[in-house]
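Structural data, given as structure tokens:
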């Protein structure tokens, strides 16, 4: 739109006639004058239509919230007593000279700042996403996404596209959606791009992909989604899982720096602190067995025989990391092979343990990673031990038959990452259009 | 891997002892010496194992193509007569002092440089992707992908994630895959993120997304895929379709510049010229009816009554654009409303015509875009005229009910873009893991 300037730039145009465009946020009649707030993607500004500008005042009396306007006006400094310090455009207001209505809006089902329950929030997603809180959440999500890619590109990773339609349930153990395919065959929706990113290590050494993945789990909880965005990376020629953990520490440090640079306003609005990043090249790390011993010694309750951490143990360890290492992150390593997928490499120094790790963040598991098994024969044995049929993996196994370097990687859910970084308890609030057992945009039970 | 340097950097390390890692490309015994080429993601180098380095020579006699090695050695300048000018590392060779085998490989089913038909190429994808030609194609694809995002981020676009599981066949007219969902409901695989990106314009004004989309078409041709990557963008507050066309011209110019910067080697290897970009802020543009008149006048065959361009017309117009405007690109505008989707805006100045355009590139359609209808009531009428039931679109229509700015956008298939830029006739060769009626990694008929 010609000559339009963004609302955030108004403060640099005091005394000038400019053009803005956006949505009516709220409107207040005060006798012969009409006050209203205009909103665009960059922020808000107070507008005033004075009786001397007839077209503007007549039009301003008709407008309602969410109408779309193009406005010509003069940027005025507010009188000293009306200045709102620390607020965008708190020191200016727009004297409206001409209003062009670009589009009208129906009456809203609720006020822009009304408290809404989760179902209403999702039922009216195209509208509720415009609320300040929701806009902030997905601005942050977008910055996580772009900084993930920028960091990996700068570290020599190549982005590739993984397919969603796959020929089989790759990993076993998770519920998968089936898709009737041609010739009466059945395809499946990928639960992960795992096998493809490993194949791609044979081509580009370091790769990443961002794709939707699918889980046909029947749960409806604040932690489950039936479709989510997986941020996946895989790197070749590593010497151990620590190489992946170091890269991941740098990655999350970079993401946090970018959030501090671009989303200070959003974190403030959502009332959240930025993550505590410790000094050093890697977040603190602890073997699962050592962590369990520490917890048992401290709490007096023996958890050393458990194959995994209980939620209260994850919280305990996060508290510990914060106190001891000034870190919101802590790696827990060497999970048992019974609990980890076939492609995880066994740790030759620890009987029954793998080179897998989890990263805990503020009391919750944020993501998992591992060094993978790259030796063809060992991989086949591991598959059989897991009860999988290697013949079903013959396409994938080509990569290993024909020379695969030592490699490892990790996967994180974008929505989960967003929710954890922003202390949002329900993952659906950190998902633009969440799919669950009861909902695909609309409630399915209706 | 500690102290490893990339093969492309060897030429800067003449006279030094270094470590490389990668794959054996080819091996040649010459009496007591063994020559072999090593390959990593950055290139190749000739290695020589001399009898004086016993471990290296013994090991070098065992290695085979695609074995994965870590090598310590001395970078030597080649004797003048052996220098290969213009080839990476043509002036150096690596005197191998120690070989560590990181992984072995089975005997290859074919030589790395063998001519392969398309089925073999795809049957052995994890292996054939390592070939120089395939690696080049997907390096180019990766640069198209990253430059698409970088450009849009720099133009104030926000990336968002669109879902793949949708509640209905949004646009009608294309074959869709059905997914049995919970409660005996049926979900569908999205044929496009169109409706979601329009909703997101109401939130962030300018948005883009990169997602897999699905078409259940039963064709098996060199132009069809059942799953592909859609590069989608949508922008609010436009004054006409020209705003989208101008952005698109700048976008493709930027992509071409990045390809020139990062993929000169790949274009040379694939024997392809970079696209011809004309001067000016927008690629040349012509109304469909004017284009048809021009073709009819020049060829003597009347095509002015056709609703669309025939393939030979697309070729004719591309030739014309190249000759007249020194451009490999030409926009054709104002397609008839009978041929375009419901969300395309009608052109009020041209009865029965829309504000839709196609972009032709080297004789073929590269992508489509348009200004969209943003007025709620007009959109409802258009849906009905197209035989669609607005009630099925009630979620999407909220965005329009509650104030949508004028907007427009475009979509391009990443694989098609890659194929067209590289003059690859079969789109499957520009797709990492193509899904078609006969294939999901493995041939389905087997």
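Residue numbers (this note's numbering), protein chains in the order written: chain A, 206 to 651; chain V, 206 to 651. Where a beta carbon is used, it is the ideal one built from N, C-alpha and C, also for glycine.
Asked                                                                                                                                                                                                         : Found
If you follow the alpha helix (DSSP H) that residue 407 of chain V is part of, which residue opens it and which one closes it?                                                                                : 399–409
When the Cα atoms are used, what is the spatial distance from residue 461 of chain A to residue 500 of chain V?                                                                                               : 57 Å
Would you mind telling me which residues of chain A sit closer than 7 Å to residue 313 of chain V, beta carbon to beta carbon, in chain order?                                                                : 607
Within the present structure, is the beta-carbon of residue 640 of chain A separated from the nearest heavy atom of the ligand GDP by less than 7 Å?                                                          : The ligand GDP is not part of the structure shown, which contains no ligands of any sort.
Is the region 320–336 of chain V touching the region 629–649 of chain V, taking contact as three or more C-beta pairs under 8 Å?                                                                              : yes
Go through its chain and collect everything with a Cβ distance to residue 211 of chain V's Cβ below 7 Å, but skip five positions before and after it.                                                         : 245 and 247
I'd like to know whether the C-beta of residue 329 of chain A is nearer than 8 Å to at least one C-beta of chain V.                                                                                           : yes
Among residues of its own chain, excluding the 5 on either side of residue 480 of chain A, which ones have a beta-carbon nearer than 6 Å to its beta-carbon?                                                  : 461 and 533
Pick out whichever of V:275, V:216 and V:559 has its Cα sitting closest to the Cα of residue 229 of chain V.                                                                                                  : V:275
Pull up the distance between the alpha-carbon of residue 335 of chain A and that of residue 342 of chain A, whole angstroms please.                                                                           : 11 Å
Pull out every residue of the region 234–260 of chain A whose Cβ sits closer than 8 Å to any Cβ of chain V, in chain order.                                                                                   : 245 and 246
If residue 421 of chain A sits next to residue 380 of chain A, beta carbons under 8 Å apart, how far is it from one beta carbon to the other, in whole angstroms?                                             : 4 Å
Going by beta carbon distance, what residues of the same chain come within less than 7 Å of residue 620 of chain V, once the five residues before and after it are set aside?                                 : 430, 433, 434, 632, 635 and 636
Under a three-way DSSP split, which group does residue 595 of chain V fall into?                                                                                                                              : helix
According to DSSP, residue 229 of chain V sits in a beta bridge with which residue or residues?                                                                                                               : V:243
Can you give, in chain order, each stretch of the alpha helix (DSSP H) that sits fully within the region 325–408 of chain V and has at least 4 residues?                                                      : 330–333 and 337–359
Does DSSP classify residue 472 of chain A as helix, strand or coil?                                                                                                                                           : helix
Using a Cβ-Cβ cut-off of 7 Å (strictly less than) and excluding sequence neighbours within five positions of residue 282 of chain A, which residues of its own chain qualify?                                 : 219, 296 and 297
Using CA coordinates, which residue listed in A:217, A:612, A:370 and A:648 is at the minimum distance from residue 444 of chain A?                                                                           : A:612
Do you know whose CA, among A:638, A:557 and A:333, lies nearest residue 368 of chain V's CA?                                                                                                                 : A:638
To which residues does DSSP link residue 414 of chain A through a beta bridge?                                                                                                                                : A:437
Does the distance from the CB of residue 317 of chain A to the CB of residue 610 of chain V come in under 8 Å?                                                                                                : no
Who are residue 640 of chain V's beta bridge partners in DSSP?                                                                                                                                                : V:645
Between the region 574–584 of chain V and the region 540–550 of chain V, are three or more C-beta pairs nearer than 8 Å?                                                                                      : yes
Please classify residue 206 of chain A: does DSSP put it in a helix, a strand, or coil?                                                                                                                       : coil
Give every residue of the same chain whose Cβ lies closer than 6 Å to the Cβ of residue 649 of chain A, excluding the five residues on either side of it in the sequence, and list them in chain order.       : 643
In angstroms, rounded to a whole number, what distance separates the CA positions of residue 331 of chain A and residue 521 of chain V?                                                                       : 44 Å
Considering only their Cβ atoms, is the gap separating residue 437 of chain V from residue 489 of chain V smaller than 8 Å?                                                                                   : no
Please go through the same chain and pick out, in chain order, the residues whose beta-carbon is closer than 7 Å to the beta-carbon of residue 404 of chain A, but skip the five residues on each side of it. : 601 and 604
Can you tell me which residues form a DSSP beta bridge with residue 569 of chain V?                                                                                                                           : V:566
Would you mind working out which of V:349, V:365 and V:223 sits nearest residue 302 of chain V, comparing C-alpha positions?                                                                                  : V:223
Name, please, each residue of chain A whose Cβ falls closer than 8 Å to the Cβ of residue 371 of chain V.                                                                                                     : 645 and 646
The alpha helix (DSSP H) that contains residue 500 of chain V, what's its start and end?                                                                                                                      : 493–504
What is the C-beta distance between residue 261 of chain V and residue 241 of chain V, in whole angstroms, given that I count them as a contact (C-beta under 8 Å)?                                           : In fact, because the Cβ distance is near 11 Å, the residues do not count as touching under 8 Å.
Going by Cα to Cα distance, which pick from A:570, A:413, A:591 and A:426 is closest to residue 354 of chain A?                                                                                               : A:413
Going by Cα to Cα distance, which pick from V:482, V:523 and V:543 is closest to residue 511 of chain V?                                                                                                      : V:543
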